[in-house]
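Chains as they are written, first to last, in my numbering: chain A, 1120 to 1260; chain B, 1120 to 1260; chain C, 1120 to 1260; chain D, 1120 to 1260.
Even for Gly, the Cβ is constructed at its ideal location relative to N, Cα and C.
Small disclaimer: the values here were computed from a predicted structure and weren't measured.
Here the structure comes first, spelled out in structure tokens, and everything after it is commentary.
Protein chains: 4
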Amino acid sequence: MAFRTQIKVCFSDIDNAGIVYYPRFLHYFHLALEEFFATELGIDFADVLHTKNLAFPTVHLECDLVRKLRYGDRINMEVSVIHLGQTSITWGYKGYRAGDEGGIVVEGSNVTVCVKTDTFEKIDVPEWLRQGLKTQMRASP
Amino acid sequence: MAFRTQIKVCFSDIDNAGIVYYPRFLHYFHLALEEFFATELGIDFADVLHTKNLAFPTVHLECDLVRKLRYGDRINMEVSVIHLGQTSITWGYKGYRAGDEGGIVVEGSNVTVCVKTDTFEKIDVPEWLRQGLKTQMRASP
Amino acid sequence: MAFRTQIKVCFSDIDNAGIVYYPRFLHYFHLALEEFFATELGIDFADVLHTKNLAFPTVHLECDLVRKLRYGDRINMEVSVIHLGQTSITWGYKGYRAGDEGGIVVEGSNVTVCVKTDTFEKIDVPEWLRQGLKTQMRASP
Amino acid sequence: MAFRTQIKVCFSDIDNAGIVYYPRFLHYFHLALEEFFATELGIDFADVLHTKNLAFPTVHLECDLVRKLRYGDRINMEVSVIHLGQTSITWGYKGYRAGDEGGIVVEGSNVTVCVKTDTFEKIDVPEWLRQGLKTQMRASP
């Protein structure tokens, strides 16, 4: 099963139309990715950035927003690895409203490239990360 | 020529990798869209929402992030109408770093559907908006 | 003991000086307040707003920022009721870095007035809330 | 006259009670401060941080929120220097709703200390900045 974490829609995520401001969904993706690193790979994202000197700028993203969310909703957000390239990783995200698992709320992906945090020099996906992601991919096919 | 507005990267848009946090680009798209309504269509976006009772939830978005941006950068952001459907509008966005017009920084689009702000009932693109957008599309082919 | 909830500093809370952007601390106060309602008063803040028709605009705030926080830090945030007036409530907040309980990171308060969410008409603190807060104040003197 | 800059309330600044989320006012203070540096002191805030190696963490803030703001409002925000200490600067902010100059919307202050951006070592207010702020204080008593 894919990694899943719960995110609460907070008071300030709501826009003046009364629903979650759509750029916040990309923020939710990032929050879920931070949890993925901590839980699935056993390393805090802050340590990835500053100890491993590894950052993941996004170069492409796509997203379908299927249902609107309101304040009080909770999202069960799945994170998976869609593709593991030489220097890039494609991450997939699926969000379900808690208590309403039948219907997807949001589904998206982003392509990140691996760079050194301090210089932004592009590098290969490091071996420690590649192995961790492969293990995770086998566990949630 | 397409509508263009300038957006300053602000201090808090920067993430812990030292570049613009990628969900902020979608926020920049929205800021530019708000300016597009005020300047090109002559109506404040707040009035569209609350006087015209018209909102534009996003149902799909795509984005290529070509160059990173840092604090101090300014973006010249173009907004255009890519497709005008029965109930949906597809908006296009291209961002250039001010002072470096040769190279695009970010390029994206989102599909919005027209709904009533108070009920979120889907409606046709209203005639006043359709005419305004058609005029703008003829001016920036 | 005062109500306490944990908040993680997230990747995008960091500003271009490398520390938590100070307005985010006020956001942390609000996140903690939302948890306070859910846990201590047994009502979701979204229901307070929309079912109880009760909102809490802030009219005054004060805050001391004692230690800087970085990405990866977690804050144990205490919420308490400092004063319960006729129409106003003064909330207190104290934040400690998790794993470093000796030293306070942030300490602040805000004064909120009770209004109807739909009209913003000022009202007395409703009896259900007054009783709940009094119980909580007795429990954490 | 004090330095003044205009800030537009944007779509996403609004919270689920329909007014500007109060932590956003502190963000407006910072936006106005960034403009103050560019306009009054002739240096981009990004250059202060990274070329001058000077940052201004906030250690105390106070704020009165007098009137609520809604989407569509514009704020004329004044920035002034209230006190210039050895290592600290106290900044003052007053916000007025554009078109309604009689009544103040928000008034606040924050105390910042001067530190080196790269090490966060506390330093004296540098002479170039002290002179610039003194000139500005004489011009807007």
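Proximity below 8 Å, CB of residue i to CB of residue j
i	j	result
B:Tyr1212	B:Asn1195	no
C:Asp1192	C:Val1244	no
D:Ile1126	D:Lys1187	no
D:Pro1176	C:His1146	no
B:Thr1236	B:Leu1160	no
B:Asp1183	B:Glu1226	yes
D:Val1234	D:Thr1209	no
C:Val1200	C:Gln1250	no
A:Val1185	A:Val1232	no
D:Ala1157	D:Phe1148	no
D:Phe1130	A:Asn1135	yes
C:Glu1181	D:Glu1246	no
Cβ of residue i within 8 Å of any chain C Cβ
i	result
A:Phe1155	no
D:Pro1245	no
Residue span of the beta strand (DSSP E) that contains residue i, given as start and end
i	result
B:Arg1216	1207-1216
B:Asp1183	1177-1184
B:Phe1122	1122-1127
A:Ser1131	Run containing A:Ser1131: none; DSSP gives neither H nor E here.
C:Ile1138	Here C:Ile1138 belongs to no beta strand (DSSP E), and DSSP marks it neither H nor E.
D:Leu1203	1193-1203
Min CB distance residue i to chain D below 8 Å
i	result
B:Tyr1190	yes
A:Ser1131	yes
B:Leu1150	yes
C:Tyr1141	yes
C:Phe1239	yes
Chain B contact for residue i (CB, 8 Å cutoff)
i	result
A:Ile1138	yes
D:Leu1248	no
D:Leu1145	no
Cutoff 8 Å: residue i Cβ touching any chain A Cβ
i	result
C:His1202	no
D:Asn1229	no
D:Asp1183	no
D:Asn1195	no
D:Asp1134	yes
B:Lys1213	no
B:Thr1236	yes
B:Lys1187	yes
Sequence-distant residues of the same chain with beta carbon closer than 6 Å to residue i, five excluded per side
i	result
D:Leu1203	Leu1252
C:Phe1122	Phe1155, Glu1159, Val1198
D:Lys1171	none
D:Leu1248	none
Enclosing alpha helix (DSSP H) for residue i [first to last residue]
i	result
B:Ile1254	According to the sequence as given, residue 1254 of chain B is Thr; it is not Ile. Counting along the chain, the alpha helix (DSSP H) containing B:Thr1254 begins and ends at 1246-1258.
Assigned secondary structure, residue i (DSSP; H/G/I helix, E/B strand, else coil)
i	result
B:Asp1166	helix
A:Leu1150	helix
D:Thr1231	strand
A:Glu1159	helix
A:Leu1145	helix
D:Ile1223	strand
B:Lys1241	strand
A:Leu1173	strand
Beta-carbon contacts of residue i that lie in its chain and below 8 Å, excluding the five residues immediately before and after
i	result
B:Gln1205	Asp1243, Val1244
A:Arg1314	Since the first residue shown for chain A is 1120 and the last is 1260, residue 1314 of chain A is missing from the structure and cannot be characterised.
A:Ala1217	Gln1125, Asp1192, Arg1193, Ile1194, Asn1195
A:Glu1220	Asn1195
B:Ser1259	Met1120, Ala1121, Phe1122, Ser1199
D:Lys1241	Thr1206, Val1232, Cys1233, Val1234
D:Phe1239	Ala1174, Pro1176
C:Arg1257	none
D:Gly1222	Val1185, Arg1186, Tyr1215, Arg1216
Residues near residue i in its chain [Cβ-Cβ closer than 7 Å; skip 5 each side]
i	result
B:Leu1150	Ile1126
B:His1179	Asn1229, Val1230
A:Asp1162	Per the sequence presented here, residue 1162 of chain A reads as Ile, with Asp not at that position. Taken in chain order, the residues that qualify are Phe1156.
D:Asp1166	none
Mind checking the region 1160-1183 of chain D against chain F and listing, in chain order, the residues whose C-beta falls within less than 9 Å of any C-beta there? The chain labelled as chain F is not found among the protein chains of the depicted structure, namely A, B, C and D.
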